[in-house]
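Quick note: the sequence shown uses UniProt numbering, first residue 1, plus one each step.
By construction, the Cβ of each residue, glycine as well, lies at the ideal position given by its N, Cα and C atoms.
Below you'll find the structure, written out as structure tokens, and then a few comments.
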Amino acid sequence: MTDDKAFIEEAIQLARENVAKGGRPFGAVVVKDGAVIASGVNEMLASGDPTSHAELNAVRAAAHALASPRLDGCRVYASGHPCPMCLAAMYMTGIRDVAYAYSNEEGEPYGLSTSTIYEDLGRPLPEMPLNLVHVPVPSEPGEGLYDDWARIRREAG
């Protein structure tokens, strides 16, 4: 059995165990240098947190285990096709390799597909079913929020 298949099966087993506990059928593992460094399951129902997806929980645990928000060189194995939120989080951490077992098409009959979200996010901003409004906050040059952040980082050295 290839490592990819073994890691995918581990993610599926986590998802099955989560289902047995009343959770949703999603599990994920984060692998670096051929070893699992973190795992997670979907805890939306248990926590009431709509962002508590398996992949995000695994990414958070991996960042904690590696003591870094950067997860370059890691690979995520997920039981299901990661949603756009999870993919964005993986992208922002430096993860560039993701493998999954069940597709959005396979999840669709069960209400477990995020394909419509992908479609919506592909639209131009004015056509999205989300009212995204830019509300500029005037500030003096050099005194904005981002200026404060940059100044503190410079001073911290």
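Out of SER39, SER68, ILE117, the CA that lies nearest to the CA of VAL76 is found in SER39. Beta bridge pairing from DSSP links ASP97 with ARG75. Residue ranges of uninterrupted alpha helix (DSSP H) with 4 or more members, entirely inside the UniProt domain "CMP/dCMP-type deaminase" (2 to 125) and ordered along the chain, are 3 to 20, 44 to 47, 54 to 66, 84 to 93, 104 to 107, 115 to 121. The Cβ-Cβ distance between ALA58 and GLY22 does not fall below 9 Å.
In the DSSP annotation of this structure, the continuous segment of the alpha helix (DSSP H) that includes LEU145 starts and ends at 145 to 156.
Look at GLU127 here: in three-state DSSP terms it is helix.
For LEU14, the closest alpha carbon among the candidates ASP4, PHE26, ARG60 is that of PHE26.
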